[in-house]
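Numbering (mature numbering (1 follows the signal peptide of the UniProt record, and there is no 0)), first residue to last: -28 to -1, 1 to 346.
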């Protein structure tokens, strides 16, 4: 009888352990591998890496899609499939998206030639989201087919940034321009033009008398969010307020300029540099320190969910509608804070101090792209 009781307990323990083992892969699994490589497109002042510190990294500068595929490797992302392919593009840090988008297209085309990839997916941040739309169109025209499968835009000023106009209005001088261009030359090379970069991010043509049509309004008409160039366009939007902002962004919002980024209006009705207008309350969670939520959506908006003990995940929220005509989203798309990630503009690319898990975030995006079959 004693032996029979012991046998029952041992059998129950074995069954429990087997059940836990079968459940663990579902809880702690890697992100699925995408069919096509993931290309990263950085924002203004961005770079590939500086002395091993990656723009697309966590708070310690470790690349977010670096799989732990080497013996005893520590600085890596344990949530990434060992076979995941990725490519980090580097373009001129300070320039218009006409120039940067052309460079991005060239970089992708070169990568495709060496890797043998027929299509790519793009994850972009800030101005990189604008560059990606030009690159997608150029690749379609060059290759004769739609190259970009999924484009995930993170914190991008698709309809302009009030900060860009404020800087041009108050701080555009030879000293700041020289410093910005010098930085760009150090991290990338020659060809930087900080003024052209800032003019790109203002909604309307900033200077009608300079002989060049600039700004997001004209750019969006030329490079729309079209399924002819990108099969699936989605956006992850960020907004944060108060002292939770990155200290530099908090100081800027408190003492220089605080964005009011969730009012509705066709075009730039209050001439602040971004399409729409404020709702009269700049002290709310309607921007990420640099870009208002009325500027960030292209395609479908996405929701990000942080899952404790399992892989984070993102998914589309089609109920808010698809933004294809970027210059004319509807009222809800310009003003709704639904599904906006509570982080500032810099948190999502590893600039601390913050508690945001960049490794899980980009693993979740990769998993989303893979589950689509891209």
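Glycine residues also receive a C-beta, built at the ideal position from the N, C-alpha and C atoms. Note that the structure is a prediction, hence the values are computed from the model and not measured.
Unbroken beta strand (DSSP E) runs of no fewer than 3 residues, entirely contained in the region 3 to 54, are found at 10 to 13, following chain order.
Relative to residue 330, the option among 300, 341, 262 and 285 whose CA is nearest is 285. In the three-state reduction of the DSSP assignment, residue 109 falls in the helix class, which pools H, G and I. If you draw a straight line from the Cα of residue 46 to the Cα of residue 59, it comes to about 21 Å. Spanning the alpha carbons of residue 188 and residue 131 requires a straight line of approximately 6 Å. When DSSP states are grouped into helix, strand and coil, residue 121 belongs to the strand group. Pairing residue 303 with residue 236 gives a Cβ-Cβ distance under 9 Å. Counting along the chain, residue 207 sits inside the beta strand (DSSP E) bounded by residues 202 to 208.
By the neighbour-count definition (other C-beta atoms within 10 Å, threshold 16), residue 62 is a buried residue. Residue 299 has its alpha-carbon roughly 11 Å from the corresponding atom of residue 269. Look at residue 149 here: in three-state DSSP terms it is helix.
Counting along the chain, residue 87 sits inside the alpha helix (DSSP H) bounded by residues 69 to 87.
Per DSSP, residue 256 is not a residue of any beta strand (DSSP E), being assigned neither H nor E. When DSSP states are grouped into helix, strand and coil, residue 341 belongs to the helix group.
Residue burial is scored here from C-beta neighbours: residue 100 has at least 16 other C-beta atoms within 10 angstroms and is therefore classed as buried.
Taking a cut-off of 8 Å for Cβ pairs, the region 184 to 203 and the region 319 to 339 do not touch, as fewer than three such pairs fall below it. Residue 103 counts as buried, since at least 16 other C-beta atoms from the protein chains shown sit within 10 angstroms of its C-beta. When secondary structure is reduced to three states using DSSP, residue 248 falls in the strand class.
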